[in-house]
Structure formats: C-alpha cells, structure tokens
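Protein chains in written order, with this note's numbering: chain F, 1 to 542; chain G, 1001 to 1237.
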C-alpha cells in the first residue's frame, strides 16, 4: 500500500516551506520503512547473496589459516557494496548471510553451523554488529547522495523553468513552460489553466483535458479558500487533483494533475504525495510571480512585433519611396530647363531638403528601436577622431548650413579604439542639438583633444543653454525642455541615443552650461586603450 | 565621353526607382537596359554586354550578393551596388565579393553618376593608356612614379606612394581597408588598421591643403578610403 522509497526523496524536494516539507518527509520515512523490506526487489537480494558467495569462494581458495584471519574483513566488502548500491535491506541480508557462511566454512567445526569456541561466538556476533552498523551508515550515505542528486535535479528544473519564463513571448508559451515544469516535478501528467483578466480560464496547452476537469477548474477559482479538490473522470476512472494558484493580488490559475486510476488505497497515497508537491509548486509559481511574467510576456510580444515590423518592413517601405523622391528630385535638378528657372530650382531643392530631413528622422527611429532592442554591439576598430568628426559634420551639412562650424584638432591626436559609426552618429546628434538650440549665424565649435589617455570631443554652441532643473533630466528618453517644446521641433530621442551609443563604446557624455542663454558644451569622453598609437607611429614608415 | 554611348544595365525591382535611374543616365548620354529581377538581370548581363551594371541588393528572386557572384564568375564588368541597409559589414562584404562601389539609398543621382564614371574609367583604363591620374590639384604619374600638387612635385616615402598608387588606380572609387593593408604590407600587417590610419595621416599632411579637413583622400567610415576624382563630388553630395 505504501509506495516504494523514491517517493520519500521526491517529497524531500527543495522549496520555500522547508519546515513543513521536512515534516512530511520524516513522517513518511518512519511509516514507510518497516514495510519496505517486503517490497524490496528480489534482484538486489540475489546480487548481495552472490557477492557473499564470491567472497566465500575466494577465501576457500586460500590456505585455511590465512583465510581464517581474513574472514571478518573480507565479508565486510559485499556488505558495504550492498549497502551503497541497494540500501539497508540487501545489506542486512548480506551481513546475516556472511555471518552464516563464515561460521559454516571457516570456524571449526568446519561445514557445520555449530561453534566450539565461545571466543568465536563473540567474534561472529561482533562481526554481525560491525556489518550492520557499517551497512546502516553506508546506506544512509547512499540516501543522502540520492537526496542531493534529486535536489540538484529540482534546482536545475527550477532554473530551467525560470529561464524559459524569461524567454516566453506569449501566454501560451508561458503555460507550456509551467506545464512542463509541473510534469517534470510531479512525474505525472499535469496541466495549467491560466487565469485570464476577465476571470475565465485559458485552456491548457498539453493535450486534451476531460470536460469534467475543466468544469471543476472553473469552480476552483470561484470557490476561493478551498485548497485541493479531486475529480474523477468517469469514462477513464482517472483521478485528477485540482488546486488554485494565486498571488496576494490575483488568481493566477489552476493546476490539474492526473494521478491515474487504481485501487482507493494507492490513490489516497498518491493524493497525499501530489498534494504536497502541488503545494510546493504553487508556492514556487507565486514566488516567481507568474502574474508579472504573464504581463511581461504580453508586453515583450507586442514590443517585439513592433520592432520587427519597424526594422524589417517599415524601414524598407519608408525608405524606398524616399529613395524614389530623392533620386527623382536630383534628376530634375540636372535638367537644363529647370536649372535655368530659379523658381523651379528652389522647389526641387525644397523637395531634396525635406526628404533628407525625413530620412534622418527615420534613421533616428531605427537607432532608437535598435537601442531598445538591446542590440548595440560595438564593432571596435582603430579610427582617427578627425575622420569621425568630419564625417559627422558632412552627414549633417544641410542641417548645419545656417551655422558656422569650426573645428579644432589638437596636434598629435591619438587614434581611438571605437565603433566609428556609433561615435559618428552620437557626435552628429550633439551637433544637431547644438544647431537646433542656437540662433542661425552663430558659431558651433567642435574640438578634439587628448587628456592623459582619454580623447575628449566637445561641441560648444552659443545657444539657449541649460537651466539647473533641466540638467538632471537630460539623457532621459523623450525628455524635452518645457521652454522649447512650442518653438523647436524634435523628438527628444537624440541625446538619449547619443549617450547610449557612446556608453556602448565605454565612453561617457556630459553636458555643461554656464546658464540660461549662455550656450552649452556637450562633451564625449572616449577612454584610451592599452596600445598607444604613438608607439606605433614609428613603425609604418621606413 | 567620345566613345559610343555606354550601356548601363539596371537590375532593380522597384519600377519607380528604375524610372528615375533611366532618366538620370539617359540625360548623361548613357543607353539603358532594365531588368526587374535577378533572372532577367543575369540574362541581360550575358546577352546585352553592358558596360556597367547597377545592382540592387534586395531582389525578389535572388539576393544581390548571389547575382554579383554569378556575374563575377565570367565577367569583370563594373558593378555598383544599391543598398538600403547602410551597415558597414555588408558594404565591405560586397566590395570584397567584387563590387566596384556602392551607393546607399536614398541617394542623389550625381553621387551615382560620379561612382559610375569612376568605375567605367577604371574599367577602360587599359584602353585609354593614360598613365597620369588627376584628382583636383593632385596628379600622379603611374609610370614615372612622380606625384605633384598644384604642378609642384612632392616627395613621398615608399609606403605613402604605395597607398596613393592604389587609391589613384581606383580614383573616385572606394578601396577597402583590407585591400590596402594587403597591398601595402603584403599581408604581414593585415589586422593592424592603426598602421594604415597613421600612414593616411602622414599622406594627408603632404597632399591636403587642410589635413584636418581632407577633401582629396576621404574616409569611408568602417569601409575604407577614396581618392576623390573631382572636388565637385563633395559639394554635389
């Protein structure tokens, strides 16, 4: 009626309610133990017996006197092996068999169970005690190892589970992950009905569930407070256990486990066991916050879909018409008839300018999605900071046309080890901001110098500057100062993108301003690298 | 150009883009053949013997890279890539696969024409047999190995000349870092891009009027370098 040993170790799984769980484990140990002997497999007993026979045969090959001195030690070998491999009962059996064999073959009178010398009686009894004690110790060691292994498997399962949870994009994926975890932990088919926001239940993922179980699952969430209910599926006679899982704020769903059909006694025992584990599992589910995981999964899916749509389709769909407009305008521009007509020419120019503007805007959005997707992996190589600055200025020449751009490069600038594309983009963003927030005709100064190992790239404007309360908010996505929202167009993405791109290269961005209306200086600091380019300058020339 | 009209083959699936490309090329005296997918494009490349191919990477039936590879298996005809992705890696890959240059959409016609002319000039180089490459105020005599700036001869070290020589034979076209490193250091320093950066710096000191704002030897970030054929190229962009 009681199940074999492995259940004990199953119950002894790690989790939160350790006190309670250990209570269960201990109880089952004490009640299960005496009965277990009868249920122990015959094979280990036979193997133990053959171990004892083998030792006997080997000892018989030796000389009588030598064998007699080896007897007590030699027989301990099969006993310990039996204890470590098969547990306490085969070991006890092996001990008794060993004692009998020793008495029969090696203690005079030989080939009889009688013992002449009282000293030898004590020897035999002593052997039995030692054998029993050591087999007990060895089997306990075995149990503990087994428990540890099980615990390791459980932890592994749990770890796998939480990893799978983090990768789930849809509620159905999440439910499959939970079901998978339940089945692995319980060793029996289990399903999970996830609760929807409207109080209904999502159907489980893995296989069909009898109608009656579904009905009771819906009942289980309405009748709060009841812990475990069992349902019999009449056609198959399978017994299902249902338990509601909830967090402090919401009902998460219902776990249903099929514990199979069978005599009432077996089922009762199975029920106890599964109840304990389901209890455990629901605590785990609460702890890892399924509620939040589900919400996260929904959000992740939406974000992912949006990003994919934007990157794959939109960027292509938006840029192809842009390419057509820009290209067509440029062809128009080269037609002599249009070149001669200043009005037509200015119209064509306006088209080109606006297209360039749109293209930059799309590029910004693409950069922003790239950043939110966590996809900024810099491709580092040695670059000349002058090239980076010049490229940034050139790429934005239209937007900077109304300003004087001055560049100042220190002599002997070291090369920098960065992703030049990312730094160029960041520098361009800062240039754009400088142009946006300073009057036309004013000067923007870009200077690059090195300080110790670092390379400092700064962009100074003569614009509106930054006030003390705006300062801490810079660098936040979509932050735009109240002062300029009405007058200066922008998305508030630029500085945020720039700081993330620079950060990905191991650098930092800073903005300083003497005050409102006094201009601002944005600074990109790029860390120096171990290999000093100044050391290399000598090499390439001969 | 005095020769009969150059044939340009456009392999591009967007009809509206083909339309302006055709107009742009025809205005400059090219004759144009169009193909709207890779299959037609490959057929036309074989049977119409174009002098120049403009190849879009994003084709419905076959990726542009595959098309380029097939064309390169039998022909050296100049190929310029049109791409909507501006990733440096892809540019480098296409150049190494044998593309002569690339233009990222959206682009202006002037930019594409400049690249096309440069590619054609290089393709017909052997026919013209003019050993002197002129780029703005700079002229490089490939036979006598003399370089002059505004008609004044300048002295270059051997490596500086080697760099200028490669760029001059590709005047107007981009040359990848990899190719430059391979040619200048014969494969010994292929990973040491910083050597190249330093060498470029030194060469710029000698040929640029303002080495801090180079107009002749320009950087194609993440890809390589380009010797500008004409100064207008910069303004036109």
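Glycine residues also receive a C-beta, built at the ideal position from the N, C-alpha and C atoms.
Residue contact with chain G for residue 440 of chain F: absent (no Cβ-Cβ distance below 9 Å to any residue of chain G). Against chain F, the CB of residue 1109 of chain G has a partner CB under 9 Å away; the residue lies at that interface. Pairing residue 48 of chain F with residue 91 of chain F gives a Cβ-Cβ distance under 9 Å. In the DSSP assignment, the residues bridged to residue 447 of chain F are F:408 and F:458. When the five nearest sequence neighbours on each side are left out, the beta carbons in the same chain lying within less than 8 Å of the beta carbon of residue 157 of chain F are those of 181, 184 and 185, in order along the chain. When Cβ-Cβ separations below 9 Å define contact, residue 361 of chain F makes no contact with chain G.
The beta carbon of residue 504 of chain F lies closer than 7 Å to those of 376, 378 and 422 in the same chain, with the five residues before and after it left out. Taking a Cβ-Cβ cut-off of 8 Å, the neighbours of residue 1027 of chain G in chain F comprise 331, 334 and 335, given in sequence order. For residue 1119 of chain G, the uninterrupted alpha helix (DSSP H) segment begins and ends at 1109-1123. Here residue 134 of chain F has 76, 79, 80 and 83 as same chain residues with Cβ atoms under 8 Å from its own Cβ, once five neighbours each way along the sequence are excluded. Taking 9 Å as the cut-off between beta carbons, the residues of the stretch 1172-1197 of chain G near chain F are 1177, 1184, 1185, 1189, 1192, 1193, 1194, 1195, 1196 and 1197, in sequence order. Listed in chain order, the positions of the stretch 394-427 of chain F with a beta carbon within less than 7 Å of a beta carbon of chain G are 407, 409, 415, 420, 421 and 424. Residue pairing from DSSP places residue 1224 of chain G in a beta bridge opposite G:1176 and G:1220.
Residue range 420-436 is occupied by the alpha helix (DSSP H) that includes residue 424 of chain F, with no beta strand (DSSP E) assigned at that position. With a beta-carbon spacing of about 17 Å, residue 1087 of chain G and residue 1068 of chain G fall beyond the 8 Å limit used to define contacts. Residue 521 of chain F has F:460 and F:512 as its beta-bridge partners, per DSSP. Residue range 1038-1047 is occupied by the alpha helix (DSSP H) that includes residue 1040 of chain G. Between the beta-carbon of residue 242 of chain F and that of residue 256 of chain F there is about 5 Å, and that keeps the pair under the 8 Å contact cut. Chain-order list of chain G residues neighbouring residue 504 of chain F: empty, with the shortest C-beta distance near 15 Å, by a criterion of under 8 Å.
Under the rule that a run must span 3 or more residues, the beta strand (DSSP E) segments found entirely inside the stretch 170-205 of chain F read 190-194.
Comparing C-alpha distances from residue 96 of chain F to each of F:111, F:130 and F:108 shows the shortest one belongs to F:130. Residue-level contact by beta carbon fails for residue 1041 of chain G and chain F, as no gap is shorter than 9 Å. With its beta carbon less than 9 Å from one in chain F, residue 1019 of chain G belongs to the interface. In the assembly as shown, residue 367 of chain F is a buried residue. Its beta-carbon has 16 or more other beta-carbons within 10 Å. Cα atoms of residue 403 of chain F and residue 393 of chain F: separation of roughly 11 Å, rounded to the nearest angstrom. By the Cβ test, the stretch 1039-1058 of chain G is in contact with the stretch 1073-1092 of chain G, since at least three Cβ pairs between them sit closer than 8 Å. Per the Cβ contact rule, the stretch 1108-1126 of chain G is not in contact with the stretch 1139-1159 of chain G (fewer than 3 Cβ pairs under 8 Å). Taking 9 Å as the cut-off, the Cβ atoms of residue 352 of chain F and residue 1020 of chain G do not count as close.
Approximately 11 Å separates the beta-carbon atoms of residue 1171 of chain G and residue 1119 of chain G; this is outside 8 Å, ruling out the contact. Rounded to the nearest whole angstrom, the CA to CA distance from residue 1107 of chain G to residue 326 of chain F is 7 Å. Proximity of residue 319 of chain F to chain G, defined by a Cβ-Cβ separation below 9 Å, is satisfied. Residue 458 of chain F has its alpha-carbon roughly 47 Å from the corresponding atom of residue 1071 of chain G. The C-alpha of residue 272 of chain F lies about 11 Å from the C-alpha of residue 230 of chain F. Collapsing the DSSP output to three states places residue 160 of chain F in a helix.
Apart from the 5 residues on each side of it in sequence, residue 1078 of chain G sits with its Cβ closer than 8 Å to the Cβ of 1051, 1052, 1053, 1100, 1116, 1119, 1120, 1122 and 1123 in its chain, given in chain order. Taking a beta-carbon distance threshold of 9 Å, residue 322 of chain F counts as an interface residue toward chain G.
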